[in-house]
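2 protein chains.
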Amino acid sequence: MLRMKQDLTDTHRTMQVVNHIRALIENGTLQPGDKIPPEREFARSLNISRASLRTGIGYLAAMGVMKVRHGVGTFVADGPAEFGKASFSLMGVLHGFQSWQMFEVRLIIESNLAALAAERAKEEHHTALAEEVAEIFASIDSPSDFLIHDVLFHRILSQASGNPILAALMETITSALYDKRRKTVERSTDLRESAEMHRMIYRAIRARDPVEARRLMEQHLRMAQAAQGMERPTARKTIDGIARPRTLQLDKGSAPSRL
Amino acid sequence: MLRMKQDLTDTHRTMQVVNHIRALIENGTLQPGDKIPPEREFARSLNISRASLRTGIGYLAAMGVMKVRHGVGTFVADGPAEFGKASFSLMGVLHGFQSWQMFEVRLIIESNLAALAAERAKEEHHTALAEEVAEIFASIDSPSDFLIHDVLFHRILSQASGNPILAALMETITSALYDKRRKTVERSTDLRESAEMHRMIYRAIRARDPVEARRLMEQHLRMAQAAQGMERPTARKTIDGIARPRTLQLDKGSAPSRL
DNA sequence: CCACCCTAGAGGTCAGACCACAGTATACAC
DNA sequence: GTGTATACTGTGGTCTGACCTCTAGGGTGG
């Protein structure tokens, strides 16, 4: 009737490797930061060729679950969760993501992140947040440093929200936005105002006031968006990149496996 | 001082392939659904070995940008945008994602999706949405069919929101939730109530009432969550899967490349 | 006209040699 | 003794080319 086949990228051996490692992570044998055995050895122990093993590892590395370091070894990722850095930009060109859409998503997610953080942040988060606010003020004359601590502030806030999934989504958007920001921040003049906003957001979180935290975060982001001239276009035209009409197909295709 | 190296998975050849294909997609040479040349031939034209080409393709396939079909060929993905199906579950076991967190994210994203859809949906979306509502009512006695149209309804709503990024994030969460739902829906008794909710949401969107659409969607999701007994635990214990304490490190590590 | 089988074309796997990189041990010069 | 240069070892990266498996389509016999 409809689709029967599973379009998963589950090529025999590849998935075998992926599932094996997944299992090792699930039962705790492998923890973030751990190193897996050398390819030659690991391949032998799994009774597959090194090439196949590498395919599987490549798969895991592509989505950020593992990190491969030439000449050193392969490790389980340990940084903040994220859905493939490159993934986002690739998906972007493929589906025509636009800047205003990124900001819209950021506004939605981060304002909720702020609200949740206000409700759930622990002492240690308050401390870390306060430190970053201080660093931000201290970096007012150095745009590049300012941006670093700005990013750090938002990342800590993500963790304070107590929802790693939301944090991971935010991280994905943020890293995609980073390059663009790095360029504009340089010629930014009112970093003082931005610093002040961070401080106010921190105070709202500190005071466990979700409503205020959300409001301030929204205000902060709208200001940031305006500063980069990336508001949503009133008309239907592309801001950056080529316009991509692409007949919008209400594709029912590939409904969640089997049906 | 801090990190200097770029931890990107950019192994020479691999990235070379990825960027090449990315370029082909950007300049329109490759469109969703298109087939790329056979590996042997493509590899020769790029002056790299077939193995390297395959590594690159595997990378792209892993994040859902390309689809490989054994014995047929390799194609550019054309379905709804999504950040790697497997990616999510892998990230899940790695960072300890929990059910209530997935619901929380879904609640946040989808309620906003509904609000946006109410503001921006076009005629064609209204039509498609109405059709699915009808299908949903028609499937009240068939849980499996019901679920299919339920998913379709939400997917169309995502497209109607006019923000493909948000839609992609939603799709990622949804596909992860799908399996779990498939099990519970079977023994669900009040599908009628759910169907009614979909109809009301549709009407709110149709009436271009963002506030009401958001409110109804939130209500709908909370009911769904309650039906599956996945509210957020009052205490600090795990619902499913093993508890994973994992010393919460405020990892500053891997700040967005170079600094 | 339909069912079955065969085959061409495309991806999947394998084996083993060799290259490139990172970190450490060693040797030589001062 | 100290320090720097070099060699070695371990680990991932790439290449070749042969062979396996799957899919789709066309040919052939019933």
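These protein sequences, in sequence, are chains A and B. So that you can map any letter, position 257 of the first sequence is 256 in numbering that gives the first Met the number 0, and since no number is skipped, the others follow by simple counting. So that you can map any letter, position 22 of the second sequence is 21 in numbering that gives the first Met the number 0, and since no number is skipped, the others follow by simple counting. Just so it is clear, CB atoms sit at the ideal spot from N, CA and C, and this is done for glycine as well. Quantities reported herein were computed from a predicted structural model and do not represent experimental measurements.
Worksheet item: How many angstroms separate the CA atom of B:A113 from the CA atom of B:M216?
Response: Along the second sequence, read from residue 1 onward, the residue named residue 113 of chain B stands at position 114. Along the second sequence, read from residue 1 onward, the residue named residue 216 of chain B stands at position 217. Using only the alpha carbons, I get a separation of about 7 Å.
Worksheet item: DSSP state of A:G72, grouped into three classes?
Response: Mapped onto the first sequence, residue 72 of chain A falls at position 73. The three-state reading of DSSP puts A:G72 in strand, counting E and B together.
Worksheet item: Once you ignore the five residues that flank A:Q49 on each side, which residues in its own chain have a CB closer than 7 Å to its CB?
Response: Working through the first sequence from its first residue, we reach residue 49 of chain A at position 50. The question names Gln, but residue 49 of chain A in the sequence shown is Arg. Once the five neighbours on either side are set aside, the close Cβ partners of A:R49 are E38, R39 and A42.
Discussion item. Just verifying my parser: in three-state terms, what is the DSSP assignment at A:K34?
Written reply: Within the first sequence, the letter at position 35 stands for residue 34 of chain A. A:K34 falls in the strand class under three-state DSSP.
Item to complete: Could you check what DSSP says for B:K121 in three-state terms: helix, strand or coil?
Response: Indexing the second sequence from 1 puts residue 121 of chain B at position 122. Here B:K121 carries a coil assignment [DSSP, helix/strand/coil].
Worksheet item: On the three-state DSSP scale, how would you describe B:M260?
Response: Residue numbering for chain B in the displayed model covers 0 to 258; residue 260 of chain B lies beyond these limits and cannot be assessed.
Worksheet item: In chain A, which residues lie with their C-beta within 7 Å of the C-beta of B:Y58?
Response: Stepping through the second sequence from its first residue, residue 58 of chain B is reached at position 59. Those are G57 and A61, listed as they occur along chain A.
Worksheet entry | Proximity winner among A:I20, A:G95, A:I139 and A:A22, relative to B:G27 (alpha-carbon distances) | Residue numbering aside, residue 27 of chain B sits at position 28 when the second sequence is read from its first letter. Measuring C-alpha to C-alpha distances from B:G27 to each of A:I20, A:G95, A:I139 and A:A22 identifies A:G95 as the nearest.
Worksheet entry | Nearest to A:N162 (by Cα), restricted to the options B:S86, B:G91 and B:I56 | To locate residue 162 of chain A, count along the first sequence from 1; it is residue 163. When each option's Cα is compared against that of A:N162, the closest is B:G91.
Worksheet item: If the cut is a Cβ gap below 8 Å, which residues of chain A does B:F96 touch?
Response: By one-based count along the second sequence, residue 96 of chain B stands at place 97. Contact note: B:F96 reaches chain A through P163 and I164, using a C-beta cutoff of 8 Å and chain order.
Practice prompt. Identify each residue in the stretch 66-90 of chain A for which the Cβ-Cβ distance to at least one residue of chain B is less than 9 Å, and report them in chain order.
Written response: For the stretch 66-90 of chain A, which is checked against every Cβ of chain B, the residues closer than 9 Å are K66, V67, R68, H69, V75, A76, D77, G78, P79, A80, E81, F82, G83, K84, A85, S86, F87, S88, L89 and M90.
Worksheet item: Looking only at its own chain, which residues have a Cβ that is under 6 Å from the Cβ of A:A242, when we skip the five neighbours before and after it?
Response: Here residue 242 of chain A corresponds to residue number 243 of the first sequence, with the count starting at 1. For A:A242, the predicted structure reports a pLDDT of 38, less than 50, and the residue's modelled location is therefore unreliable. A value from the coordinates is still provided. The answer is none, since no qualifying residue turns up.
Discussion item. Quick check: A:A116 and A:A212, are their CB atoms within less than 8 Å of each other?
Written reply: Translated into positions along the first sequence, residue 116 of chain A becomes position 117. Translated into positions along the first sequence, residue 212 of chain A becomes position 213. With contacts defined by Cβ atoms closer than 8 Å, A:A116 and A:A212 form a contacting pair.
Practice prompt. Tell me where the alpha helix (DSSP H) around A:T13 begins and ends.
Written response: Working through the first sequence from its first residue, we reach residue 13 of chain A at position 14. Per DSSP, A:T13 belongs to the alpha helix (DSSP H) from H11 to E25.
Worksheet item: Apart from the five residues on each side of it in sequence, which residues of its chain come closer than 6 Å, Cβ to Cβ, to B:L128?
Response: Indexing the second sequence from 1 puts residue 128 of chain B at position 129. Close CB contacts of B:L128 within its chain, under the 6 Å cut and outside five residues either way in sequence, are with I155 and Y201 (chain order).
Worksheet entry | A:L176 to A:M101 span [Cα, whole Å] | Here residue 176 of chain A is taken as the residue at index 177 of the first sequence, counted from 1. Here residue 101 of chain A is taken as the residue at index 102 of the first sequence, counted from 1. One C-alpha to the other measures close to 8 Å.
Worksheet item: Are the beta-carbon atoms belonging to A:K286 and A:S174 less than 8 Å from one another?
Response: For chain A, the structure presents residues 0 to 258; residue 286 of chain A sits outside this window and is missing.
Worksheet item: Going along the chain, which residues of its own chain have a beta-carbon closer than 6 Å to the beta-carbon of B:A60, five neighbours each way excluded?
Response: Position 61 of the second sequence holds residue 60 of chain B. V67.
Worksheet item: Is it true that the CB of A:G55 sits closer than 8 Å to the CB of A:T13?
Response: Numbered from 1 along the first sequence, position 14 holds the residue referred to as residue 13 of chain A. Numbered from 1 along the first sequence, position 56 holds the residue referred to as residue 55 of chain A. Yes, the Cβ-Cβ distance between A:T13 and A:G55 is below 8 Å.
Worksheet item: Tell me, which residues are paired with B:V67 by DSSP?
Response: As a first step, residue 67 of chain B is located in the second sequence; it is residue number 68 there, counting from the start. Per DSSP, the beta-bridge partners of B:V67 are B:T73.
Discussion item. Taking the straight line between their C-alpha atoms, what separation do you get for B:T126 and B:R180?
Written reply: Sequence index remark: in the second sequence, residue 126 of chain B carries index 127 (1-based). Sequence index remark: in the second sequence, residue 180 of chain B carries index 181 (1-based). Straight-line Cα distance between these residues: approximately 26 Å.
Worksheet item: A:S305 to A:P209, Cα distance in whole Å?
Response: The structure shown does not extend to residue 305 of chain A, since chain A is modelled only from 0 to 258, so the question has no answer here.
Worksheet entry | Range of the contiguous alpha helix (DSSP H) that encloses A:T173 | The count along the first sequence starts at 1 and reaches residue 173 of chain A at position 174. Where A:T173 is concerned, the enclosing alpha helix (DSSP H) stretches over P163 to V184.
Discussion item. Using the three-state DSSP reduction, which class does A:T28 fall into: helix, strand or coil?
Written reply: By one-based count along the first sequence, residue 28 of chain A stands at place 29. Coil, per DSSP.
Worksheet entry | Distance between A:R53 and B:Q30 (C-alpha atoms, nearest Å) | The residue you call residue 30 of chain B lines up with position 31 of the second sequence. The residue you call residue 53 of chain A lines up with position 54 of the first sequence. Taking the straight line joining both Cα atoms gives about 29 Å.
Worksheet item: If contact means a Cβ-Cβ distance below 8 Å, which residues of the stretch 208-232 of chain B contact chain A?
Response: Under the 8 Å Cβ criterion, the stretch 208-232 of chain B contributes no residue.
Item to complete: From the DSSP output, in three-state form, read off B:G83 for me.
Response: Taking the first residue of the second sequence as 1, we reach residue 83 of chain B at position 84. It is coil, neither helix nor strand.
Item to complete: Report the option in B:I24, B:F82, B:K34 and B:T73 whose CA atom is closest to the CA atom of B:A167.
Response: On the second sequence, residue 167 of chain B is found 168 positions in, with the first residue counted as 1. Checked all of B:I24, B:F82, B:K34 and B:T73; the closest Cα to B:A167 is B:F82.
Worksheet item: At least one CB of chain B closer than 8 Å to the CB of A:A167: is that the case?
Response: Against the first sequence, residue 167 of chain A aligns to sequence position 168. A:A167 counts as touching chain B.
Practice prompt. Please go through the same chain and pick out, in chain order, the residues whose beta-carbon is closer than 8 Å to the beta-carbon of A:R235, but skip the five residues on each side of it.
Written response: Residue 235 of chain A sits at position 236 when you count from the first residue of the first sequence. Legend: pLDDT at A:R235 = 44, less than 50; position of this residue unreliable, value from coordinates given subsequently. Excluding five sequence positions before and after A:R235, none of the CB atoms of its chain fall closer than 8 Å to its own CB.
Worksheet item: Considering only C-alpha positions, which residue in the set A:V75, A:S44 and A:S141 is nearest to A:E25?
Response: Position 26 of the first sequence, counted from the first residue, corresponds to residue 25 of chain A. For the residues A:V75, A:S44 and A:S141, the minimum Cα distance to A:E25 belongs to A:V75.
Discussion item. For a contact defined as C-beta to C-beta under 8 Å, what are the partners of B:A50 on chain A?
Written reply: Here residue 50 of chain B refers to the residue found at position 51 of the second sequence. For B:A50, the C-beta contacts it makes with chain A under 8 Å involve A50, in order along the chain.
Discussion item. Check whether chain A comes within 8 Å of B:Q15, counting only Cβ atoms and requiring the distance to be less than that.
Written reply: Sequence index remark: in the second sequence, residue 15 of chain B carries index 16 (1-based). It does not; no Cβ of chain A falls within 8 Å.
Worksheet item: Between which two residues does the alpha helix (DSSP H) carrying B:A206 extend?
Response: Looking up residue 206 of chain B in the second sequence gives position 207. Premise fails: B:A206 is in no alpha helix (DSSP H) and is neither H nor E.
Worksheet entry | Cutoff 8 Å: B:P142 Cβ touching any chain A Cβ | For the purposes of this step, residue 142 of chain B is taken as the residue at position 143 of the second sequence. B:P142 is outside the set of residues whose beta carbon lies under 8 Å from a beta carbon in chain A.
Item to complete: Answer with buried or exposed for B:S98, where buried requires no fewer than 16 other C-beta atoms within 10 angstroms of its C-beta.
Response: Here residue 98 of chain B corresponds to residue number 99 of the second sequence, with the count starting at 1. So B:S98 counts as buried.
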